[in-house]
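Novice: I'd like to ask some things about the structure below.
2 protein chains.
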Amino acid sequence: MKNLQTKIVKEGIVLSESVLKVDSFLNHQVDPYLMKEMGETFANKFQSEGVTKVLTIESSGIAPGVMTSLSLHAPLIFARKRKSVTLTDELYTANVYSFTKKEENVISVSKKYLSPNDNVLIIDDFLANGQAALGLIKIIEEAGASLAGIGIVIEKAFQDGGKQLRDKGVRVESLARIKSLKNNIVHFVEEEVSV
Amino acid sequence: MKNLQTKIVKEGIVLSESVLKVDSFLNHQVDPYLMKEMGETFANKFQSEGVTKVLTIESSGIAPGVMTSLSLHAPLIFARKRKSVTLTDELYTANVYSFTKKEENVISVSKKYLSPNDNVLIIDDFLANGQAALGLIKIIEEAGASLAGIGIVIEKAFQDGGKQLRDKGVRVESLARIKSLKNNIVHFVEEEVSV
Chain A
4 MKNLQTKIVK EGIVLSESVL KVDSFLNHQV DPYLMKEMGE TFANKFQSEG
54 VTKVLTIESS GIAPGVMTSL SLHAPLIFAR KRKSVTLTDE LYTANVYSFT
104 KKEENVISVS KKYLSPNDNV LIIDDFLANG QAALGLIKII EEAGASLAGI
154 GIVIEKAFQD GGKQLRDKGV RVESLARIKS LKNNIVHFVE EEVSV
Chain B
4 MKNLQTKIVK EGIVLSESVL KVDSFLNHQV DPYLMKEMGE TFANKFQSEG
54 VTKVLTIESS GIAPGVMTSL SLHAPLIFAR KRKSVTLTDE LYTANVYSFT
104 KKEENVISVS KKYLSPNDNV LIIDDFLANG QAALGLIKII EEAGASLAGI
154 GIVIEKAFQD GGKQLRDKGV RVESLARIKS LKNNIVHFVE EEVSV
């Protein structure tokens with residue numbers, strides 16, 4: 004998605020060879036037009052898949068997730084990173100280790116909102132090692148639901164999450180695929196943006 | 004907002020005299036059409052205030068927040084409940100105690116995204132004791148920015164947050180105001196919904 008790549012080049016901050024900070028439009032401040040365009044783009048890609056639920060993880064997946072959900076006419080579910088007092092139902096859970104935050108979270112989804120009749124599209128902000136996506140897939144499998152595919156805003160293609168998922172036969176669509184962050188420069192897998 | 008009140012009556016679960024669970028459309032599963040209507044409703048109410056930023060707290064404020072942000076043509080900022088590795092900037096912070104979750108969080112906003120030129124609309128899912136709103140107001144004041152007002156999805160009008168804020172002269176607009184949750188029944192301040 005060209006507008007996204009342009010935004011990454013203009014506003015993204017390379018913190019290390021593996022960490023890209025996009026707090027000005029995705030992870031802290033949020034550009035609502037870009038979210039809407041992302042939602043429409045994901046919806047176009049997965050339009051024919053018969054998606055019944057969009058699934059993401061709090062917090063940064065929610066903005067692109069709800070726009071995708073609106074465009075696909077399917078509810079959004081955001082997995083919780085820890086149990087909440089008002090989430091008293093039985094839960095599907097999975098452990099997710101974040102290499103960026105160096106911590107393990109238990110993510111959970113209420114059993115009420117996923118069933119074997121569901122065909123689920125996962126949406127997330129980043130794909131790196133694939134831990135979050137694998138946790139969400141485990142939850143979808145526990146529910147007996149089907150996986151329609153995965154929509155990712157920014158894929159760090161130099162890490163192996165995308166390959167792992169595609170090797171399992173999962174359809175992964177990333178709006179921006181980063182080849183490298185070396186020397187503080189963002190290189191995309193397809194160089195669609197001239198800087 | 005009538006569609007919201009209807010949804011609360013149909014799907015809300017009264018867990019106690021002070022806790023209403025709306026996980027089927029707001030706090031875990033999210034109804035994107037309702038979020039869009041909420042965003043448009045908040046935008047209509049605050050259209051003439053010259054809002055430059057919409058401010059909420061992760062996670063449940065993000066979906067109504069991004070829709071409001073889209074309708075008001077202003078970026079959304081979601082305050083973080085704890086520091087992230089990639090949020091290394093200087094931060095505005097405030098302590099917020101949650102009576103529902105019985106825990107205190109430090110919420111933070113990067114200094115980059117709020118300035119004295121900003122006129123900020125706060126959006127949040129619930130207003131009860133007003134702790135979250137007061138924390139966000141403290142952050143806006145620290146930034147030297149102006150407060151345009153507060154848009155709340157569900158106000159527990161039997162708790163004193165709304166009164167405290169209105170007594171301070173803050174404009175608070177709530178889409179649903181609950182008078183009581185006694186005997187497992189939701190009573191609204193204005194009984195617009197016949198059940």
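Protein chains in written order, with our numbering: chain A, 4 to 198; chain B, 4 to 198.
Note that the Cβ used here is the ideal one computed from N, Cα and C, for glycine as well.
None of the values given here were measured: they were computed from a predicted structure.
When you compare each of B:S183, B:A97, B:K159, B:A77 to V54 (chain B) by their alpha carbons, which one comes out closest?
Specialist: Here the question's residue 54 (chain B) lines up with position 51 in the second sequence. The shortest Cα separation from V54 (chain B) among B:S183, B:A97, B:K159, B:A77 belongs to B:A77.
Novice: Considering just the uninterrupted stretch of the beta strand (DSSP E) at Y116 (chain B), what are its terminal residues?
Specialist: Position 113 of the second sequence, counted from the start, is the residue given in the question as residue 116 (chain B). Note, Y116 (chain B): premise wrong, no beta strand (DSSP E); not H, not E.
Novice: So which residues on chain A does V189 (chain B) lean against when the C-beta distance must stay under 8 Å?
Specialist: What you label residue 189 (chain B) is simply residue 186 of the second sequence in a count that begins at 1. The premise fails here: V189 (chain B) is roughly 15 Å from chain A at the closest Cβ pair, so nothing lies under 8 Å.
Novice: Among the residues of its own chain, which have a CB less than 8 Å from the CB of K182 (chain B), if the five just before and after it don't count?
Specialist: What you label residue 182 (chain B) is simply residue 179 of the second sequence in a count that begins at 1. For K182 (chain B), where only same-chain residues beyond five positions count, the Cβ hits under 8 Å are A160, F161, H190, F191, V192.
Novice: Can you grab the Cα-Cα spacing for the pair G68 (chain B) / G138 (chain A), in whole Å?
Specialist: Numbered from its first residue, the second sequence carries residue 68 (chain B) at position 65. Numbered from its first residue, the first sequence carries residue 138 (chain A) at position 135. Near 27 Å, if we compare the C-alpha coordinates of G138 (chain A) and G68 (chain B).
Novice: So the beta strand (DSSP E) K182 (chain B) belongs to, where does it begin and stop?
Specialist: Here the question's residue 182 (chain B) lines up with position 179 in the second sequence. Looking at the DSSP string, the run of the beta strand (DSSP E) that includes K182 (chain B) is 175-183.
Novice: Answer with yes or no whether the minimum CB distance from P35 (chain A) to chain B is below 8 Å.
Specialist: In the first sequence, the residue the question calls residue 35 (chain A) occupies position 32. Chain B contact via Cβ: present.
Novice: What residue does the alpha helix (DSSP H) around L199 (chain B) start on, and which one ends it?
Specialist: What is shown of chain B runs 4 to 198, which leaves residue 199 (chain B) out entirely.
Novice: Return yes when the Cβ of P119 (chain B) is within less than 8 Å of the Cβ of G210 (chain B), no when it is not.
Specialist: A query on residue 210 (chain B) cannot be resolved here, the shown segment of chain B reaching from 4 to 198 and no further.
Novice: Throw me the rounded Cβ distance for the I110 (chain B) and D128 (chain B) pair, which I believe falls under 8 Å.
Specialist: In the second sequence, the residue the question calls residue 110 (chain B) occupies position 107. In the second sequence, the residue the question calls residue 128 (chain B) occupies position 125. That belief does not hold up - the Cβ atoms of I110 (chain B) and D128 (chain B) are roughly 14 Å apart, past 8 Å.
Novice: I'd like to know if the stretch 58-75 of chain B and the stretch 29-43 of chain A are in contact, where contact means that at least 3 CB-CB pairs between them fall below 8 Å.
Specialist: yes
Novice: Within the 8 Å Cβ cut-off, does Y95 (chain B) reach chain A?
Specialist: Indexing the second sequence from 1 puts residue 95 (chain B) at position 92. False, the Cβ-Cβ gap to chain A never drops below 8 Å.
Novice: In whole angstroms, what separates the C-alpha of G15 (chain B) from that of T44 (chain B)?
Specialist: Taking the first residue of the second sequence as position 1, residue 15 (chain B) is located at position 12. Taking the first residue of the second sequence as position 1, residue 44 (chain B) is located at position 41. C-alpha separation (whole angstroms): 21 Å.
Novice: Identify, in the order they occur along the chain, each residue of the same chain with its Cβ nearer than 8 Å to the Cβ of Q134 (chain B), setting aside the five sequence neighbours on each side.
Specialist: Locating residue 134 (chain B) in the second sequence gives position 131, counting from the first residue. V99, Y100, S101, F102, G164.
Novice: Is V192 (chain A) helix, strand or coil by DSSP?
Specialist: Reading the first sequence from its first residue, position 189 is the one you call residue 192 (chain A). Coil.
Novice: Find the residues of chain B that neighbour M38 (chain A), judging by a C-beta separation of less than 9 Å, and give them in chain order.
Specialist: For the purposes of this step, residue 38 (chain A) is taken as residue 35 along the first sequence, with counting starting at 1. The answer, in chain order, is V69, S72, L73, L79.
Novice: In chain order, what are the residue ranges of uninterrupted alpha helix (DSSP H) at least 4 long that sit wholly in the stretch 44-126 of chain B?
Specialist: 65-75
Novice: Going by DSSP, what residues sit across from V17 (chain A) in a beta bridge?
Specialist: As a first step, residue 17 (chain A) must be located in the first sequence, where it is residue number 14. Per DSSP, A:L23.
Novice: What does a CB cutoff of less than 6 Å around A66 (chain A) pick up in its chain, not counting 5 residues either side in sequence?
Specialist: Along the first sequence, one-based indexing puts residue 66 (chain A) at 63. The answer, listed in chain order, is V33, M38.
Novice: Does any residue of chain A bring its CB to less than 8 Å from the CB of Y100 (chain B)?
Specialist: Stepping through the second sequence from its first residue, residue 100 (chain B) is reached at position 97. Not one chain A Cβ lies under 8 Å of Y100 (chain B).
Novice: In the DSSP assignment, the alpha helix (DSSP H) including A135 (chain B) goes from what residue to what residue?
Specialist: Against the second sequence, residue 135 (chain B) aligns to sequence position 132. Start and end: 134-145.
Novice: Would DSSP call D128 (chain A) helix, strand or coil?
Specialist: On the first sequence, residue 128 (chain A) is found 125 positions in, with the first residue counted as 1. Residue state for D128 (chain A) is assigned as strand, using DSSP reduced to three classes.
Novice: Apart from the five residues on each side of it in sequence, which residues of its chain come closer than 8 Å, Cβ to Cβ, to E61 (chain B)?
Specialist: To locate residue 61 (chain B), count along the second sequence from 1; it is residue 58. For E61 (chain B), where only same-chain residues beyond five positions count, the Cβ hits under 8 Å are F81, A82, R83, K84.
Novice: Can you give me the C-alpha to C-alpha distance between I126 (chain B) and M4 (chain B), rounded to a whole angstrom?
Specialist: Within the second sequence, the letter at position 123 stands for residue 126 (chain B). Within the second sequence, the letter at position 1 stands for residue 4 (chain B). Using only the alpha carbons, I get a separation of about 15 Å.
Novice: Pull out every residue of the stretch 52-67 of chain B whose Cβ sits closer than 7 Å to any Cβ of chain A, in chain order.
Specialist: If you check each beta-carbon in the stretch 52-67 of chain B against every beta-carbon of chain A, the ones closer than 7 Å belong to E61, S62, I65, A66.
Novice: At a CB-CB cut-off below 7 Å, which residues of chain A make contact with S113 (chain B)?
Specialist: Within the second sequence, the letter at position 110 stands for residue 113 (chain B). What S113 (chain B) touches in chain A: D26, H31.
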